[in-house]
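Numbering (the numbering used here), first residue to last: 3 to 259.
Listed below in structure tokens is the structure:
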């Protein structure tokens, strides 16, 4: 049996020193659960994680932003609907839509916040089976040209954890046809649609490709021995989610990967 590394000893990649100067903001709302996981993923990829609080009125000097998963404001109104009005979100919206095109990644509840903020089209509703779903999920990379997918290949299949109850992506047929025609479907569920999302869509981008939202959790698949295939002790797809974070770091820093 292969011995797994201890927590804190696991190494996902040999981080490149040139990436350390890239500063990735990780936003925390009341109810956010995965902010520390997202920050750890940034560090394992080689970047510098910068904590951001929902009530902040400035983004500081961050080069990109991750809006992690959780239950912002308890999802009391509608998932992501209250978080959309947090002071920091206005800064994120402006920066994402500016000429600088700040890279923004929304994961799970973060994806819901991006749709409520109209940075991404469509909406999220409860899973079609009305139950919370937690499983390892195979995704196909449909678009490898966004700020967050440059280190993947189009058509590549990856496995990352998924955990949600409001994970069903919906939009009208005109919006869906537009996403398909413009190559803005970034990820699609493979083998099993866990929540009834239209056209098996797991993640999408804006037109510029700097804003990406997806329902599964790549930040939980960044360390050997602690990812989707850790039970067999082999690794395999344990680090399939790391490419999100190395992609944006390489884009920010530029040059050879």
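Beta carbons are placed, not taken as given, at the ideal position from N, Cα and C, and that holds for glycine.
Quick check on DSSP: helix, strand or coil for residue i?
i, result
"residue 109", "strand"
"residue 84", "coil"
"residue 214", "strand"
"residue 121", "coil"
"residue 223", "coil"
"residue 98", "helix"
"residue 249", "helix"
"residue 72", "strand"
"residue 61", "coil"
"residue 241", "coil"
"residue 92", "helix"
"residue 54", "strand"
Quick one: is residue i buried, meaning 16 or more other Cβ sit within 10 Å of its Cβ, or exposed?
i, result
"residue 110", "buried"
"residue 157", "exposed"
"residue 150", "buried"
"residue 166", "buried"
"residue 107", "buried"
"residue 147", "exposed"
"residue 227", "buried"
"residue 178", "buried"
"residue 34", "buried"
"residue 236", "Any reading at residue 236 is ruled out, since the residue's pLDDT is 43, under 50, leaving its predicted position unreliable."
"residue 186", "buried"
"residue 154", "buried"
"residue 57", "exposed"
"residue 209", "exposed"
"residue 31", "buried"
"residue 19", "exposed"
"residue 194", "exposed"
"residue 242", "buried"
Would residue i pass as an interface residue toward chain B - the criterion being a Cβ-Cβ separation below 8 Å?
i, result
"residue 131", "Absence of chain B from the displayed structure is noted, only one protein chain being present."
Give the C-beta separation of residue i and residue j to the nearest angstrom, bearing in mind that I take them to be a contact with Cβ-Cβ under 8 Å.
i, j, result
"residue 164", "residue 196", "6 Å"
"residue 36", "residue 71", "4 Å"
"residue 49", "residue 251", "5 Å"
"residue 215", "residue 112", "7 Å"
"residue 170", "residue 199", "5 Å"
"residue 86", "residue 119", "5 Å"
"residue 140", "residue 117", "The Cβ separation is near 23 Å, so there is no contact."
"residue 81", "residue 126", "6 Å"
"residue 121", "residue 90", "So it is not a contact: roughly 13 Å between Cβ atoms."
"residue 68", "residue 40", "5 Å"
"residue 145", "residue 213", "With a Cβ gap of about 13 Å, residue 145 and residue 213 do not count as contacting."
Within the segment 126-193, note down every full alpha helix (DSSP H) run reaching 4 residues or more, in order along the chain. 175-183
Of all the alpha helix (DSSP H) runs that stay within the bounds of the segment 11-52, which reach a length of 4 or more residues? 37-47
Quick check: the segment 214-223 against the segment 243-253, are there 3 or more CB pairs under 8 Å? yes
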